[in-house]
Structure formats: structure tokens, C-alpha cells
Amino acid sequence: MMTNRMLEILCISIVFSLIGISIASYEPAIYGDANQDSRIDQKDVDYVAGIITGTNERTKLSDANYDGKVDEADILQIKQIIAGNQTKLTLLDMDNRSVTIPQPVNRVLGIGFGFIENTMFALGVKDKVVGTGGAVRSNSPTTQYLMPELGKLPNAGSPTESINYETVAAANPDLVIARKSVYFPDQTEKAVTMIDKMGIPVVILEDPNHFHTSDINTIYQEIGLIGRIFNRTDSAQRIIDKMDESISMIVERTEDIKEGGRPKVLFCGLGSNSSRNKGGILVVWAKECASTFADLINIKSAYEGTGRNYLSAEHVLNLDPDVIILETSGGGWNMSQLYEEEYYKNIQDLKAIKEKRVYSIGRLTSYGDIQLELPIMLMIEAKSVYPERFSDINLSMWIEKYYEDMYKIGADDATNLKNVQGLGWIDSSGL
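According to this note's numbering, the sequence shown is numbered sequentially starting from 320.
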């Protein structure tokens with residue numbers, strides 16, 4: 320059985336294994352990669368020629384035009400892919416489905432909580448969005464700020480409720496990209512099935528929370544897949560490099576912290592009316608939930624339970640965490656609520672509250688959706704818990720610089736984006 324320390328080492332090794340790895344490591348499997356070396360080049364042409372003459376074994380990806388047979392037409396398709404003038408491309412999405420998409424892709428409708436649109440913005444293809452899921456408009460501050468024009472596009476609904484398939488059809492997309500959520504798997508699955516039946520290709524992404532594990536590779540694979548769809552692999556590499564550089568720095572500074580030197584940290588959300596009706600004062604998620612990545616940066620979670628639960632005041636007092644980090648929840652994400660609202664008067668004796676060690680990641684994880692801001696989330700968590708290890712970093716300036724680099728925006732926009740994410744508190748925090 321894997322111990323906690325073994326899991327921590329594994330998580331850290333995952334991150335360091337990413338340094339210097341090319342985009343090819345995160346691109347999807349493409350039909351045409353006949354020799355399966357993660358590249359499509361003359362070697363694949365030669366390999367398919369060998370299959371035709373009987374000297375090479377057929378591989379799954381050797382059927383480049385995905386017509387069920389391997390012949391000269393596949394050689395032609397591979398040559399077109401190499402030249403960049405293919406009219407279609409068949410790939411494996413993150414649900415291991417073979418999907419044939421037109422090339423180029425000019426009209427996309429996204430189903431999710433903003434990651435698809437934000438990544439398209441960072442890739443420089445925001446103009447190709449022709450419709451959105453409704454959740455983007457109410458639950459993705461980054462998308463709302465960067466792409467306000469989406470409010471005028473067809474609204475196809477969201478995985479939290481239902482998808483309007485007439486709206487999907489009216490948007491006339493070349494492709495639908497759907498990001499699976501662990502919280503709404505059945506709704507997303509139904510949407511994919513229905514849209515497939517409409518004859519519109521659907522590519523599925525699966526965010527880190529879909530696996531409930533701190534695996535950074537997953538989000539990099541998503542970026543690589545979207546980059547390949549739009550033939551923007553260089554831009555996808557830039558995004559991955561920026562995230563990897565930031566995350567690796569955070570991990571390097573926290574990797575040697577021993578068990579005895581880790582404060583107890585409670586990652587939680589403020590209780591909404593529904594949770595209060597169930598006797599809960601705070602909402603917590605499983606310690607391994609990817610919305611915290613606590614083990615990745617050597618943070619000890621005060622809550623050892625599994626699943627999503629509501630904690631009573633008595634339970635919270637028994638945990639008595641050294642640090643509280645508020646996550647996005649229906650009850651809010653402002654630290655002042657925990658200090659000042661009448662509802663929380665019974666937990667004011669908590670060590671974290673008395674010592675003013677309550678922090679917030681604002682709106683960065685609406686619906687548990689991991690975004691391109693993952694490094695910002697990790698930096699807030701790491702510096703809040705281990706301020707002495709990041710004393711040379713001004714957190715507010717670091718976040719704004721990350722936004723400037725990631726989305727290629729100006730300083731004023733970066734500041735505004737930080738604030739709409741509910742992170743304005745950092746400016747006066749001293750972090």
C-alpha cells in the first residue's frame with residue numbers, strides 16, 4: 320500500500336519530470352503516426368509503405384485517413400499532415416475516442432466552465448468561439464473579463480443543468496469541445512452522445528479533478544490537445560512552459576519540508592444556505608482533491624476525510640487548524656466573512672482565526688474546475704502557509720506578471736483580472 324510519503328514523492332517527481340519536455344509529450348495520438356513515435360514525418364510514410372508491402376506490422380495509427388484500411392491513401396494523408404495542408408485529422412481525445420475533425424477548425428462551441436475559452440484566448444484563437452456553455456458566463460471571471468463578447472454568442476446551457484441542442488445546432492460549429500467534470504459526469508456524457516448523433520464532432524477533455532489526483536500532466540495534455548486542434552503547438556508549448564516554470568519553482572522551495580514542520584491547513588468553503596440547513600458551517604472536500612494539490616507542495620491537510628462534507632462548528636473546533644484557506648464556494652470566499660459574520664461567531668477561538676491566518680484563493684476554482692491559473696492557486700497556498708520561503712516574492716506583483724505573460728495582456732488588465740478573481744485582498748495582506 321502506498322504511504323503518504325511515497326505519494327508525496329510521486330507527486331513531486333511528476334512535476335520535475337515535466338521540466339524541459341516538449342509539446343510532443345502532451346499532444347494527442349494522431350492517426351498518421353504510423354510508427355508511434357509521437358511525431359508525424361517521413362518515417363511514417365516509409366512505415367506505411369512497409370505495411371503495404373508486408374514488411375511492417377500494422378499499427379492502430381497507421382490508418383491515417385481512418386477508413387478502416389491501410390493503403391496509398393494513408394500515405395497521401397500523412398504527406399498532407401507533414402505539409403500542413405490536410406483537410407481533416409483523426410485523433411484520440413482524452414476519453415480515448417477516435418474523433419475526425421475538419422482542418423482548419425474555424426467554429427468552436429465549448430461546454431465547460433471556462434478552461435476551453437481561456438486556453439483558446441491564450442493560444443490566440445479566441446475569434447473561433449461561436450457559442451458557449453452558459454456556465455462560462457456566470458462562473459468564469461477570467462473568461463468574462465478577457466472575452467466579454469461571448470455574452471452576445473449563442474448560449475447552449477451548461478453541464479450543471481442541461482444543454483440546449485437546438486442552440487448548439489444553430490451555432491453551426493465545426494467542432495464541440497467538452498470538458499468533463501467529476502461533479503457532473505452524467506450530464507456531460509449525455510451531451511456528448513446527443514451532439515455526436517447530430518453529426519458534429521466532439522472532442523472530450525478531462526481536467527485534473529476528473530481523476531481526483533494531483534496530476535499536473537492532465538492539464539498539460541488538455542493544452543496540448545487544444546493546441547493541436549488549431550495547429551498552434553508552439554503557442555501551446557509556451558503556455559505549458561510558463562505553467563511548468565512557475566509550478567516547479569514553488570515545488571523546489573517546499574520539497575524539503577519535513578512532516579513535523581508542516582502546519583495543519585484546512586481547505587474549505589464558506590457554508591451556503593443549503594449547507595447551513597444541513598448543519599454545516601464550512602464545506603470541505605477530500606484531502607486528495609485536486610482543487611488543493613496540498614501534497615504537491617508539502618502542505619498537511621487538517622481534514623483527512625473523503626468526499627464532499629459539511630463540518631459543524633464542533634467538528635471545526637476539534638480540527639483547530641493552524642491555517643485556513645478558503646476555496647470557491649456558494650457561501651462566498653472573502654476572509655472578512657469568517658472574521659465578522661454572526662454565523663461564524665462560534666468558531667472565533669480557532670487558532671487560525673485568532674492569529675489572522677485565514678487566506679483565500681478567491682474564485683479560482685468555481686465548480687472545482689482547474690484553470691490556467693493553477694500556478695497562482697499554488698503560489699497563494701504555498702506563500703500563505705510558508706511565507707518565509709517566499710519572502711523575496713511580492714505575491715500581488717507575481718500574480719499580475721503571470722497574467723501578463725499567460726494571456727499577453729497589459730498591466731492594467733492583469734490588475735483588473737486579479738481583482739475580478741476575488742484576489743484584491745492580497746494587495747494589503749503583506750504577502
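Glycine included, every Cβ here is placed at the ideal spot set by N, Cα and C.
Quick caveat, the model's predicted, so the values are computed rather than measured.
Of the candidates 615, 569, 586 and 746, the residue whose Cα lies closest to the Cα of residue 671 is 586.
Beta-bridge analysis with DSSP links residue 419 to 409. With 16 or more neighbouring CB atoms inside 10 Å of its own CB, residue 363 falls in the buried class. Around residue 462, the same chain offers 433, 436, 437 and 455 as residues with beta carbons nearer than 6 angstroms, after the five sequence neighbours per side are excluded. The three-state secondary structure of residue 728, taken from DSSP, is coil. Taking every protein chain shown into account, the CB of residue 517 has fewer than 16 other CB atoms within 10 angstroms, so this residue is exposed. For secondary structure counted as the alpha helix (DSSP H) over 4 or more consecutive residues, the stretch 597-646 holds these complete runs in sequence order: 632-638. Around the beta carbon of residue 637, fewer than 16 other beta carbons sit within 10 angstroms, so the residue counts as exposed.
Here residue 570 is not bridged, per DSSP, to any residue. In the three-state DSSP reduction, residue 480 falls in the coil class, being neither helix nor strand.
The beta carbon of residue 448 sits closer than 8 angstroms to the beta carbons of 427, 428, 429, 436, 439, 466, 469 and 472 from its chain, once the five residues preceding and following it are set aside; these are given in chain order.
For residue 679, the enclosing beta strand (DSSP E) covers residues 677-679. Taking 8 angstroms as the cut-off, the Cβ atoms of residue 347 and residue 442 do not count as close. Listed in chain order, the alpha helix (DSSP H) elements of length 4 or more contained wholly in the stretch 482-538 are 484-490, 504-516 and 527-530. Rounded to whole angstroms, the Cβ separation of residue 524 and residue 561 is 19 angstroms, and the two are not in contact under 8 angstroms.
DSSP places residue 434 in the helix class (H, G or I) of the three-state scheme. In the three-state reduction of the DSSP assignment, residue 387 falls in the coil class.
Cα atoms of residue 505 and residue 749: separation of roughly 44 angstroms, rounded to the nearest angstrom. Our two residues, residue 476 and residue 488, have alpha carbons roughly 13 angstroms apart in a direct line. Less than 8 angstroms divides the Cβ of residue 538 from the Cβ of residue 693. One thing to note: residue 677 has its Cβ within 8 angstroms of the Cβ of residue 657. Using a Cβ distance threshold of 8 angstroms, residue 354 and residue 345 do not count as a contacting pair. 416 is the residue among 416, 558, 567 and 571 whose C-alpha sits nearest the C-alpha of residue 496. The beta carbons of residue 645 and residue 600 sit no closer together than 8 angstroms. In this model, residue 642 and residue 620 are separated by some 10 angstroms (Cα to Cα).
Listed as beta-bridge partners of residue 734 by DSSP are no residues whatsoever. In the three-state reduction of the DSSP assignment, residue 684 falls in the coil class.
Taking the Cβ atoms as the reference, residue 744 lies roughly 6 angstroms from residue 679, within the contact range of under 8 angstroms. Between the beta-carbon of residue 589 and that of residue 651 there is about 5 angstroms, and that keeps the pair under the 8 angstroms contact cut. Residue 431 counts as buried, since at least 16 other C-beta atoms from the protein chains shown sit within 10 angstroms of its C-beta.
Shown here for residue 383: same chain residues with a beta carbon closer than 6 angstroms to its own, the five before and five after excluded, namely 350, 351, 393, 396 and 397 in chain order. Ranked by how close their Cα comes to the Cα of residue 612, the residues 736, 696 and 519 have 696 in first place. DSSP, reduced to helix, strand and coil, places residue 461 within a helical segment of the structure shown. In the DSSP assignment, residue 657 falls within the alpha helix (DSSP H) that extends over 654-659. For residue 565, same chain residues with a beta-carbon under 6 angstroms away, outside a window of 5 residues either side, are 694 in chain order. Closest option to residue 492, judged by alpha-carbon separation, among 734, 424, 385 and 580: 424.
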